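As you go down the protein sequences, you meet chains P and E in turn. Under the working numbering, the first residue of the first sequence is numbered -15, with each subsequent residue one higher. Under the working numbering, the first residue of the second sequence is numbered -18, with each subsequent residue one higher. Even for Gly, the Cβ is constructed at its ideal location relative to N, Cα and C. These numbers come from a predicted model, not from an experiment.
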Amino acid sequence: MRDYISRHISAVYVTDAKGNPAPSALVDEAGVSLLVSGLLPPRATGAAIADWTGAVGGKRATFDLAACFTGATSYSVSPKNLPGVTLAGSVLTIAPTAVIAPTVVTVGAHNTHPTPALMTFTLSVNAVAPTVIGPLPDQILAVGDADILLALDTHFADAASYAVSPEGQGVTISGHTLTISAAAERNAIYKVMATNGTGQSVSDSFTLAVAATPSPGWTPAAISGASWLDMTDARTMTVADNRVARVAPRSGGVSLVQTTAAHQPYADGAVGGVTSVRFSGARTFFNFSKPLPAAATVCFVMQSLGSCTLQSALGGDPTVDASRAPMVPLGQQGAVSPEVVRSAGVVTWRRNGELQAPKTRGSAYDLLSPDMAPSLHEFQMTAASGIVAFGAAPFKYYLGASVAEVIIVPGVLSDNDRTNLNAYVRAKYGIGEVPVTSTTTATPTDSGAVIHIV
Amino acid sequence: MPISQTTITGSVKTPANREAKITGVTFQLSDLDYEAGEIIVANPIAATVDPENGDFSVALWPNDAGMDGNTRYAMTFAFSDGSSLPGLKSVYIRASDTPKTMEDVAFETKAAAAVAPYELRVLTQAEYEALSPKAPTTAYLIRG
């Protein structure tokens, strides 16, 4: 037949899938060309085999090599003995039964011609990717508490190893166990990364707060020169018909007084479950019994009341006068020029010991009333002497919250006192955040915070 | 109605390279078929034979002209001593305006199987280039 073709046939054409006539070979079953003398090698005529990545126990894959090559009578795969990789006739099967590091696999198509046609692809079989099966719990501890041990395998699945960051910060991993130390104060976020045998990873984070332990018996009375008004102590309060007319200090010389019955706060407030004084949000406030020091830090423990006009009381009403709206529940009596008001602003504001820098009234509101939970606020002011009231700004903005304690500190609250104060309110009111003892100071200018007293 | 006819020629030799002394060559269809309203029956067709050199010639109805198109011819050779031998059993003749040799017919029969599932068409380069459109289901073998 080859002789006939060589004498009578000069070419073969077929029409390809796009409708274009294309030269073609005419080969016999052994891959021997019938148009030219000699044997044609197999040719790769099908689509390349794409790189393949699977996971142990995952989907199988099959490739028909006959669709990849033309003119082949047999096929091969290399390297041989890859786990789960088999070749039967022209069908290559990958059953991901074991981990295979990325490996270049060569499949060959053969006939009696010495040159095979080859295709390569990269085969990877990964271990099962690790997953988070139970979020790592946040930890709130006190200095000196026992170490917490977490079995990480109860939080991650299919992990071979673990790592934690940051390192050297009281959280360590040994094998599959996480150890959390409460040896020192901390307030940080830790990330645990779980990695499987093929390098795939997943991570989860948790917050660790290790609070200082208050000095035994410490109370705000220990703050030098401070006036401590404890509205959870009924002995210090003058109450009639559930209205509070006076709160005497447990230390220091400043009292809270309201002689007008209609403006007297109520005695049925609660902060962290502790009975305290309630400012109704409807023109209830106290006057300070004497002028505050010119430079003072006013601290108070409060819990907002969702039903009261807290936004107006603390955040002000921007429809009235945005530049003068109060953002703290402290008020000056009498007319003061806006310039003086602005210069008398709060230097720093800390909530639960952490510096705050709200840029809008809305964010200030959120900071004052985090989830309606009890919180400790600390306002350091440079011109506090003009402040004469607590619970209201000048007749327009009224606090809607329960207040448990007010502490007026001459000058600046020391780091040590702050640590003790935060530990004290945490133990008494369940305020869960840890004090931050940074001395970083934010100013209205550089922080963007706008906390004005009018 | 006239039906298609294709002239087939052949020359017969012995394995010893001598002219075969054949006295007859017959072709018989494997089954009946239809063309142009006619039934093509399977009666034997005798070729014209030159007893001196074994050359023969015969006009046959081409199998691919049939409505079914799947009939075949079986050949039989007769010799001067009265004996006969079966020849090719599955000869498929494609229509052609020009005479074909038996070798052409044999090649086309084999080639049709080789290019399956393509249809086979053997033609000249000029005939191929004049085709428009080219059928995507056909393999074109260029004679030349």
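> Tell me which same chain residues have a C-beta within less than 8 Å of the C-beta of P/Ile415, skipping the five on either side of it?
Replying inline: Gly256, Val285, Asn336, Ala357, Pro358, Ser359, Leu360, Asn406 and Val409
> At a Cβ threshold of 8 Å, is P/Ser21 touching chain E?
Replying inline: Since pLDDT at P/Ser21 reaches only 46, below the 50 mark, its modelled position is unreliable, and the value read off the structure follows with that caveat. No, its Cβ sits nowhere closer than 8 Å to a Cβ of chain E.
>> Taking DSSP's pairing of strands, which residues face E/Tyr15 in a bridge?
In response: E/Ile20
> Shorter than 8 Å from the beta carbon of E/Tyr121 to some beta carbon of chain P?
Replying inline: yes
> If you run the structure through DSSP and keep just helix, strand and coil, what is P/Gln123?
Replying inline: strand
>> Given a cut-off of 8 Å on the beta-carbon distance, is the pair P/Thr220 and P/Ala232 in contact?
In response: yes
>> Out of P/Ser187, P/Thr87, P/Gly30 and P/Ala147, which one is the CA nearest neighbour of P/Val109?
In response: P/Thr87
> Is the Cβ of E/Gly18 closer than 8 Å to any Cβ of chain P?
Replying inline: no
> Going along chain P, which residues have a C-beta under 7 Å from E/Phe58?
Replying inline: What E/Phe58 touches in chain P: nothing, since even the nearest Cβ is about 21 Å away.
> Of the residues P/Tyr413, P/Tyr59 and P/Ile392, which one's Cα is nearest the Cα of P/Ala206?
Replying inline: P/Ile392
> Sorry if obvious, but does the Cβ on P/Asn406 come closer than 7 Å to a heavy atom of the ligand FAD?
Replying inline: Annotation note on the ligand FAD: not contained in the displayed structure, which lists no ligands.
>> Quick check on DSSP: helix, strand or coil for P/His160?
In response: coil
> What are the residues of the region 70 to 88 of chain E that lie near chain P, defined by any Cβ-Cβ distance shorter than 7 Å?
Replying inline: Glu84 and Phe88
>> For P/Pro322 and P/Ala385, what's the separation of their Cα atoms in angstroms?
In response: Legend: pLDDT at P/Pro322 = 34, less than 50; position of this residue unreliable, no value from coordinates given.
> Do E/Gly35 and E/Ile3 have their C-beta atoms within less than 8 Å of each other?
Replying inline: yes
> With DSSP run on the structure shown, which of helix, strand or coil describes E/Gln(-14)?
Replying inline: coil
> Which residues share a DSSP beta bridge with E/Lys(-6)?
Replying inline: E/Glu0
> What is the DSSP secondary structure of E/Pro25, reduced to helix, strand or coil?
Replying inline: coil
> For P/Ser288, is the classification buried or exposed, using 16 other Cβ atoms within 10 angstroms of its Cβ as the cut-off for buried?
Replying inline: buried
> Any idea which residues DSSP pairs P/Tyr174 with across the strands?
Replying inline: P/Phe190
> Can you tell me whether DSSP reads P/Leu136 as helix, strand or coil?
Replying inline: helix
>> If you follow the alpha helix (DSSP H) that P/Leu405 is in, where does it begin and where does it stop?
In response: Asp399 to Tyr413
> So, helix, strand or coil for P/Ile392, using DSSP?
Replying inline: strand
> Quick one, which of P/Leu71, P/Cys283 and P/Val238 has its alpha-carbon nearest P/Leu276's?
Replying inline: P/Val238
>> Suppose you measure from the CA of P/Ala411 to the CA of P/Phe269; what does that come to, to the nearest Å?
In response: 27 Å
>> Considering Cα atoms alone, identify which of P/Val61, P/Asp214 and P/Val176 is closest to P/Ser189.
In response: P/Val176
>> List, in chain order, every chain E residue whose beta-carbon is nearer than 8 Å to that of P/His(-8).
In response: Asp85, Phe88, Arg124 and Gly125
> For P/Ala(-5) and chain E, any beta-carbon pair shorter than 8 Å?
Replying inline: yes
> For the putative contact between E/Gly5 and E/Ala40, defined by C-beta atoms under 8 Å, what is the C-beta separation to the nearest angstrom?
Replying inline: That belief does not hold up - the Cβ atoms of E/Gly5 and E/Ala40 are roughly 16 Å apart, past 8 Å.
> Per DSSP, P/Trp36 forms a beta bridge with which residues?
Replying inline: P/Leu107
>> Helix, strand or coil for E/Lys81? Go by DSSP, reduced to three states.
In response: strand
>> Just to confirm my understanding: we take E/Pro43, look at its own chain, exclude 5 residues before and 5 after, and list those with CB closer than 7 Å. What are they?
In response: Ser(-15), Thr(-13), Ile74, Arg75 and Ala76
> Got a sec, what are the start and stop residues for the beta strand (DSSP E) P/Gln364 sits in?
Replying inline: Ser359 to Met365
> What are the boundary residues of the beta strand (DSSP E) that includes P/Ala287?
Replying inline: Reading off the sequence shown, one finds Gln at residue 287 of chain P, where the question assumed Ala. Note, P/Gln287: beta strand (DSSP E), Ala280 to Ser288.
> Given that P/Tyr59 touches chain E, what residues does it touch there, using C-beta distances under 8 Å?
Replying inline: Near P/Tyr59 there are no residues of chain E at all, since even the closest Cβ is about 22 Å away, more than 8 Å.
> Can we say the region 140 to 157 of chain P touches the region 61 to 75 of chain P, given the rule of at least three CB pairs closer than 8 Å?
Replying inline: no
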